[in-house]
Structure formats: structure tokens, C-alpha cells
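Trainee: Residue numbers 1099 to 1253, in my numbering, belong to the letters of the sequence shown in order. Questions regarding the structure given below will be posed in turn.
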Amino acid sequence: KIVVYSGILSVTKNEAGLATVLAHEIAHAVANHGNERLSQQLVTYTGLTALDIALSTKPKETHDVLMAAAGAGAEVGILLPFSRTQESEADRLGLIFMAAAGYDPHNAVTFWKDMMASQKGTAPPEFLSTHPSDQTRIKDIETKYMTEAMKYFKQ
1099 KIVVYSGILS
1109 VTKNEAGLAT
1119 VLAHEIAHAV
1129 ANHGNERLSQ
1139 QLVTYTGLTA
1149 LDIALSTKPK
1159 ETHDVLMAAA
1169 GAGAEVGILL
1179 PFSRTQESEA
1189 DRLGLIFMAA
1199 AGYDPHNAVT
1209 FWKDMMASQK
1219 GTAPPEFLST
1229 HPSDQTRIKD
1239 IETKYMTEAM
1249 KYFKQ
């Protein structure tokens, strides 16, 4: 099941914008991103647990500093980039799905521009985010994904 909160409707503005959101979320489900994320987190936390055990003989201050650094490093260096990769994959697949359903994938660009305008500069820097920036999404949709998606769009 895909759930859409009514708050997004002010950004989607029309059926094609809503199709962008739904196709993106369906792409996450089809690509099994939930299970992938669980596996990635399990491996990361296993590594951090092993480090915690290895540092157990160190002074508390040393242990705490190294664990904090490793946790932050794992988050910024492994988990967040992995999440952004999944988001980009869902953007690509979502364009194909919406095109196959009869929606012009160019509408996704309009949606992401509207999303960017609605946030009014409140988004965190991309490297600290689970999602690519709206600018990156728009650029990737226009330069990397659109040609493939248009193959599935029948006017």
C-alpha cells in the first residue's frame, strides 16, 4: 500500500504531480529498498558493535570519542550515501513507471521545482541528507533519466 499525506497535494498541484510522487514510491517498493536498507543498517551496526567490543579495554574518554567518530563516519560515509542512491534509483524507475502509465515524465521536473520552492531553503546540505538535493534530482532527471523514460511514454 502506498499512502500519500494530503499536505503533499499543495506541491503536486495536479494529477501528473501526484503521479510523480506515487510512481516514485512504487519504485521504492518494486526495488525492495526497505529490505536493502535494513540489511545495510544491520551490517553497519554489526561493525560498530565489533568496534565497541574492540575498544572496551580503552579508557572511557578514548572509547567514547572513537565510537562517536565511527558512528558519524558510518552515517555520513555509508548510510546517507546509500539512501541517496536508493532515492535516485526510485527517481529513475518512477519516471519509467509514470511514463508507462501515460503521464509525461517531464512533469516530474515541474514537481521537483515546485518541491524546491515549497521548502524555501530549509533543506539540509545534500551530504547530510537521506535524499539528493532538489537541484541534483532535477539535473539527473533532465540529463540522465529522461531519454530512457520517454521510450515508455505514448502520447
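Each residue gets a CB set at the ideal place from its N, CA and C atoms; glycine is no exception. On a predicted model such as this, the values are computed, not experimentally measured, just so you know.
Would you tell me roughly how many angstroms separate the C-alpha atoms of R1190 and I1236, rounded to the nearest one?
Mentor: Translated into positions along the sequence shown, residue 1190 becomes position 92. Translated into positions along the sequence shown, residue 1236 becomes position 138. Taking the straight line joining both Cα atoms gives about 11 angstroms.
Trainee: Keeping to the same chain, check which residues put their C-beta closer than 8 angstroms to that of Q1139; ignore five residues upstream and five downstream.
Mentor: On the sequence shown, residue 1139 is found 41 positions in, with the first residue counted as 1. Once the five neighbours on either side are set aside, the close Cβ partners of Q1139 are L1177.
Trainee: Out of A1198, S1108, M1213 and P1203, which has the shortest C-alpha to C-alpha gap to K1242?
Mentor: In the sequence shown, the residue the question calls residue 1242 occupies position 144. Among A1198, S1108, M1213 and P1203, the Cα nearest to that of K1242 is on P1203.
Trainee: Does the stretch 1181 to 1196 touch the stretch 1110 to 1121, meaning 3 or more C-beta pairs lie closer than 8 angstroms?
Mentor: Yes, they touch.
Trainee: Would you call the CB atoms of H1131 and A1221 closer than 8 angstroms?
Mentor: The residue given as residue 1131 occupies position 33 in the sequence shown. The residue given as residue 1221 occupies position 123 in the sequence shown. No, Cβ-Cβ distance for H1131 and A1221 is not below 8 angstroms.
Trainee: Should G1171 and K1252 be called a contact, given that it needs their Cβ atoms to be closer than 8 angstroms?
Mentor: The residue given as residue 1171 occupies position 73 in the sequence shown. The residue given as residue 1252 occupies position 154 in the sequence shown. Contact: no.
Trainee: So, under 8 angstroms CB-CB, D1212 and K1111 are touching, yes? Tell me the CB distance rounded to an integer number of Å.
Mentor: Within the sequence shown, residue 1212 is the residue found at index 114, counting from 1. Within the sequence shown, residue 1111 is the residue found at index 13, counting from 1. Indeed, because the Cβ distance is near 7 angstroms, the residues count as touching under 8 angstroms.
Trainee: Quick one: what does DSSP say Y1201 is sitting in, helix, strand or coil?
Mentor: Residue numbering aside, residue 1201 sits at position 103 when the sequence shown is read from its first letter. Reduced to three states, the DSSP call for Y1201 is coil.
Trainee: From G1219 to F1180, what does the alpha carbon distance come to, in whole angstroms?
Mentor: One-based indexing of the sequence shown puts residue 1219 at position 121. One-based indexing of the sequence shown puts residue 1180 at position 82. For G1219 and F1180, the distance between alpha carbons rounds to 24 angstroms.
Trainee: What are the uninterrupted segments assigned as alpha helix (DSSP H) that are 4 or more residues long and contained completely in the stretch 1154 to 1198, given in chain order?
Mentor: Runs found: 1158 to 1172 and 1178 to 1198.
Trainee: Just to confirm my understanding: we take A1114, look at its own chain, exclude 5 residues before and 5 after, and list those with CB closer than 6 angstroms. What are they?
Mentor: Along the sequence shown, one-based indexing puts residue 1114 at 16. Same-chain partners within the cutoff: Y1201 and N1205.
Trainee: Measuring straight from C-alpha to C-alpha, what distance separates T1208 and R1135?
Mentor: The residue labelled residue 1208 in the question sits at position 110 within the sequence shown. The residue labelled residue 1135 in the question sits at position 37 within the sequence shown. Roughly 29 angstroms between the two C-alpha positions.
Trainee: Identify which residue in T1144, G1175 and T1234 has its Cα closest to the Cα of L1226.
Mentor: If you number the sequence shown from 1, residue 1226 lands on position 128. Answer by Cα proximity: G1175.
Trainee: Starting from the Cα of T1142, find the closest Cα among P1230, A1168 and L1153 and give me that residue.
Mentor: For the purposes of this step, residue 1142 is identified with residue 44 of the sequence shown, where counting begins at 1. For T1142, the nearest C-alpha among the options comes from A1168.
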